[in-house]
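Trainee: Numbering (the numbering used here), first residue to last: 13 to 553. From the three backbone atoms N, C-alpha and C, an ideal C-beta is built for every residue, glycine too. One structure follows; several queries about it will come next.
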């Protein structure tokens with residue numbers, strides 16, 4: 013990708029229109045599906061096909077809204093008597109280019125897609141007698157029998173309401189409204205969660221198209237298009253290229269550009285809402301069970317982390333930062349030694365990895381033994397439900413290998429080739445050991461602290477190292493409690509059973525905090541140790 017050779021004023025209307033035109037040309041050359049990477053070119057990030065449906069529509073709509081706002085601003089200047097000849101020419105340019113826009117033809121294809129999606133949803137709901145049992149086993153809790161009359165009534169009532177809603181008949185709509193007024197709170201929550209799930213599945217394929225639109229606008233100042241040569245995840249929270257020119261043009265007129273509707277973030281808000289609903293469901297049916305309360309805390313924490321990530325992305329998109337500052341905001345890609353990529357990732361995404369691994373436990377306990385492997389006894393999965401949080405280092409071993417590899421490369425650069433003393437795979441093998449995990453975590457966190465030039469941040473990471481000792485020793489409590497319950501289950505104190513979910517919660521949250529601390533240190537050290545690539549380029553890596 014070569015930079016634009018036209019060294020015009022960033023606040024000029026002509027430069028903004030040229031950026032828009034390059035984005036439109038780039039969108040016109042896209043095929044129905046384009047292969048792009050969501051992360052840098054590493055072995056676990058393969059190019060995936062991303063549909064371009066509605067990309068040109070999103071782009072044309074964005075340009076029309078921006079130029080329409082500029083025209084209205086110029087008209088206000090003319091009404092106030094402050095419009096000069098140069099501004100009048102710029103207004104004419106905006107009007108001429110707006111008239112060149114037209115609604116893309118593939119909008120009809122989008123409408124067909126929506127109709128087909130609704131038909132699929134209708135078939136899914138009408139065949140509720142086939143999917144109802146599986147839905148109940150996925151949604152309801154391990155200690156709640158899905159065939160109880162109350163739960164069965166809730167499931168059938170919600171599914172029948174959805175079937176009536178999707179039918180589109182005015183008479184059934186009246187029935188749905190009357191039935192909704194009589195609905196109890198648990199039934200309403202389940203109905204709302206099911207509607208959110210169906211809406212998310214229907215609209216999820218529109219997210220890549222919107223992000224491709226943003227990627228084209230961010231690359232609009234480049235003479236050569238490199239959509240396939242960049243990491244698509246780099247553009248999720250950044251607004252450069254044509255966005256920078258928009259801020260400059262509107263800033264010269266003492267205005268702000270129209271706020272871009274975060275369509276992709278709104279669609280991706282569906283899963284967090286489902287996590288929140290599941291958390292309330294566990295609280296509703298916990299009935300004093302400590303483990304179910306712990307599960308509700310896990311789901312609620314996952315909701316908070318995902319919501320935090322969505323809010324951070326939306327804030328960064330609309331923040332008035334200079335263009336060069338965006339290169340250091342994670343996620344970003346840096347070119348390390350021998351051209352291998354080093355990536356900086358968003359801290360909440362890394363901190364949520366142990367939590368997401370732990371959330372697989374109730375799903376497996378509900379679905380696997382009862383649906384596809386009926387020969388397994390539930391007691392085995394009950395034991396797994398308790399022990400999997402103790403094996404958190406095993407579940408996040410792959411992420412720790414990536415973090416450890418980056419730590420070794422940073423150490424080698426900071427110490428001018430002296431070190432590291434062991435390879436990343438050795439650190440990973442030591443990390444998955446419950447006994448040696450405290451030493452491994454503490455050593456890496458304190459090492460990153462010693463590589464910091466800022467004394468305050470160095471002390472913060474040293475305190476995190478102390479926390480690593482406490483958190484990593486927690487899995488040993490599982491084995492102690494398990495031995496007590498195995499040797500003398502009748503003589504064991506009642507409070508011993510409550511230690512399992514409490515310790516599990518501390519382990520999951522603790523490891524999430526430690527992984528987030530390591531990633532936070534990497535985000536601060538990588539730009540000082542390696543060359544950050546422009547626009548998330550990874551083709552040369």
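Looking at C-alpha atoms only, which residue of 409, 284 and 467 is the closest neighbour of residue 449?
Mentor: Along the chain shown, read from residue 1 onward, the residue named residue 449 stands at position 437. Out of 409, 284 and 467, 409 has the C-alpha closest to the C-alpha of residue 449.
Trainee: Spell out a yes or no on whether the segment 351-367 and the segment 524-534 are touching, meaning 3 or more CB-CB pairs, one atom from each, closer than 8 angstroms.
Mentor: At 8 angstroms Cβ cutoff, the stretches touch.
Trainee: Identify the continuous alpha helix (DSSP H) that holds residue 345 and give its terminal residues.
Mentor: In the chain shown, residue 345 corresponds to position 333, counting from 1. Per DSSP, residue 345 belongs to no alpha helix (DSSP H); it is in the beta strand (DSSP E), 344-347.
Trainee: Which of helix, strand or coil does DSSP assign to residue 549?
Mentor: Within the chain shown, numbered from 1, the residue matching residue 549 stands at position 537. Three-state result, residue 549: strand.
Trainee: How big is the Cα-Cα spacing for residue 89 and residue 97?
Mentor: Taking the first residue of the chain shown as position 1, residue 89 is located at position 77. Taking the first residue of the chain shown as position 1, residue 97 is located at position 85. Distance between the alpha carbons of residue 89 and residue 97: 12 angstroms.
Trainee: Are residue 279 and residue 218 close, meaning C-beta to C-beta below 8 angstroms?
Mentor: Numbered from its first residue, the chain shown carries residue 279 at position 267. Numbered from its first residue, the chain shown carries residue 218 at position 206. Contact: yes.
Trainee: Once DSSP output is grouped into helix, strand and coil, what is the label at residue 282?
Mentor: The count along the chain shown starts at 1 and reaches residue 282 at position 270. Helix, per DSSP.
Trainee: Note the first and the last residue of the continuous beta strand (DSSP E) segment covering residue 45.
Mentor: Here residue 45 corresponds to residue number 33 of the chain shown, with the count starting at 1. Here the beta strand (DSSP E) through residue 45 covers 45-48.
Trainee: Tell me whether the beta-carbon of residue 554 lies closer than 8 angstroms to the beta-carbon of residue 347.
Mentor: The question about residue 554 has no answer, for the chain in this structure spans 13 to 553.
Trainee: Quick check on residue 78: buried or exposed, where buried means 16 or more other Cβ atoms within 10 Å of its Cβ?
Mentor: Indexing the chain shown from 1 puts residue 78 at position 66. Per the 10 Å Cβ criterion, buried.
Trainee: From which residue to which residue does the alpha helix (DSSP H) around residue 563 run?
Mentor: Residue 563 lies beyond the residue range present for the chain, which begins at 13 and ends at 553; the question has no answer from this structure.
Trainee: Can the beta-carbon of residue 71 be found less than 8 angstroms from the beta-carbon of residue 225?
Mentor: For this step, residue 71 is matched to residue 59 along the chain shown. For this step, residue 225 is matched to residue 213 along the chain shown. Yes, these two residues count as a Cβ contact at 8 angstroms.
Trainee: Within this structure, are the beta carbons of residue 50 and residue 60 separated by less than 8 angstroms?
Mentor: Taking the first residue of the chain shown as position 1, residue 50 is located at position 38. Taking the first residue of the chain shown as position 1, residue 60 is located at position 48. For residue 50 and residue 60, yes; Cβs fall inside 8 angstroms.
Trainee: Just curious, the beta strand (DSSP E) that residue 356 is in, first and last residue?
Mentor: Along the chain shown, read from residue 1 onward, the residue named residue 356 stands at position 344. First-last of the beta strand (DSSP E) with residue 356: 353-356.
Trainee: Quick check: residue 456 and residue 419, are their CB atoms within less than 8 angstroms of each other?
Mentor: Within the chain shown, numbered from 1, the residue matching residue 456 stands at position 444. Within the chain shown, numbered from 1, the residue matching residue 419 stands at position 407. Yes, they are a contact pair.
Trainee: Where does residue 91 land, buried or exposed, given buried means 16+ other C-beta within 10 angstroms?
Mentor: Position 79 of the chain shown, counted from the first residue, corresponds to residue 91. It is exposed - the Cβ of residue 91 has fewer than 16 other Cβ atoms within 10 Å.
Trainee: Nearest by alpha-carbon distance to residue 216: which of 63, 263, 99 and 309 is it?
Mentor: The sequence position of residue 216 within the chain shown is 204, counting from 1. Taking only the C-alpha atoms, the option nearest residue 216 is 63.
Trainee: Does DSSP put residue 405 in a helix, a strand or coil?
Mentor: For this step, residue 405 is matched to residue 393 along the chain shown. Three-state DSSP puts residue 405 in a helix.
Trainee: By DSSP, does residue 221 sit in helix, in strand, or in coil?
Mentor: Here residue 221 refers to the residue found at position 209 when the chain shown is read from its first residue. Helix.
Trainee: Which stretch, first to last residue, makes up the alpha helix (DSSP H) that contains residue 62?
Mentor: Here the question's residue 62 lines up with position 50 in the chain shown. Unbroken run through residue 62 is the beta strand (DSSP E), 60-63; no alpha helix (DSSP H).
Trainee: For residue 332, which residues from the same chain have a beta carbon less than 7 angstroms from its beta carbon, with the 5 sequence-adjacent residues on both sides left out?
Mentor: Indexing the chain shown from 1 puts residue 332 at position 320. 259.
Trainee: Whose CA, out of 341, 365, 314 and 310, lies closest to the CA of residue 325?
Mentor: Numbered from its first residue, the chain shown carries residue 325 at position 313. Considering only alpha carbons, the answer is 341.
Trainee: I think residue 444 touches residue 405, with their Cβ atoms under 8 angstroms apart; what is that distance to the nearest whole Å?
Mentor: Looking up residue 444 in the chain shown gives position 432. Looking up residue 405 in the chain shown gives position 393. Sure, about 5 angstroms apart at Cβ, within 8 angstroms.
Trainee: What's the gap between the Cα of residue 268 and the Cα of residue 329?
Mentor: As a working mapping, residue 268 is identified with position 256 in the chain shown. As a working mapping, residue 329 is identified with position 317 in the chain shown. Looking at the two C-alpha atoms, the distance is approximately 13 angstroms.
Trainee: Do you know how far the Cα of residue 520 is from the Cα of residue 242?
Mentor: Within the chain shown, the letter at position 230 stands for residue 242. Within the chain shown, the letter at position 508 stands for residue 520. If you take the alpha carbons of residue 242 and residue 520, they lie about 34 angstroms apart.
Trainee: Considering only C-alpha positions, which residue in the set 222, 68 and 254 is nearest to residue 24?
Mentor: The residue given as residue 24 occupies position 12 in the chain shown. Here the closest residue by C-alpha is 254.
Trainee: Below 7 angstroms, is the gap between the Cβ of residue 347 and the nearest heavy atom of the ligand FMN?
Mentor: Annotation note on the ligand FMN: not contained in the displayed structure, which lists no ligands.
Trainee: Return the first residue and the last residue of the alpha helix (DSSP H) that residue 87 is part of.
Mentor: As a position in the chain shown, residue 87 is number 75, starting the count at 1. Residues 67-92.
Trainee: Helix, strand or coil: how does DSSP classify residue 267 here?
Mentor: On the chain shown, position 255 is the one that residue 267 refers to. Looking at residue 267 - three-state DSSP - the assignment turns out to be coil, as it is neither helix nor strand.
Trainee: Using 8 angstroms for Cβ pairs, my map puts residue 73 next to residue 232. What's the rounded Cβ distance?
Mentor: The residue you call residue 73 lines up with position 61 of the chain shown. The residue you call residue 232 lines up with position 220 of the chain shown. In fact, because the Cβ distance is near 16 angstroms, the residues do not count as touching under 8 angstroms.
Trainee: Under the DSSP definition of a beta bridge, which residues are partnered with residue 244?
Mentor: Your numbering for residue 244 matches position 232 in the chain shown. In the DSSP output, where bridge partners are listed per residue, residue 244 has none listed.
Trainee: Residue 272 by DSSP, collapsed to three states: which one?
Mentor: Position 260 of the chain shown, counted from the first residue, corresponds to residue 272. In the structure shown, residue 272 sits in coil (DSSP, three-state: anything other than H, G, I, E or B).
Trainee: Output the boundary residues of the alpha helix (DSSP H) element that contains residue 232.
Mentor: Here the question's residue 232 lines up with position 220 in the chain shown. No alpha helix (DSSP H) holds residue 232; DSSP gives it neither H nor E.
Trainee: Nearest by alpha-carbon distance to residue 510: which of 306, 264 and 32 is it?
Mentor: Here residue 510 refers to the residue found at position 498 when the chain shown is read from its first residue. Considering only alpha carbons, the answer is 306.
Trainee: Take residue 492 as the anchor and find which of 479, 512, 474 and 482 has the nearest alpha-carbon.
Mentor: In the chain shown, residue 492 corresponds to position 480, counting from 1. It is 512 whose Cα lies nearest to the Cα of residue 492.
Trainee: Among all the DSSP beta bridges, which residues are the ones paired with residue 214?
Mentor: What you label residue 214 is simply residue 202 of the chain shown in a count that begins at 1. DSSP, once it has assigned bridges, lists no residue as partnering residue 214.
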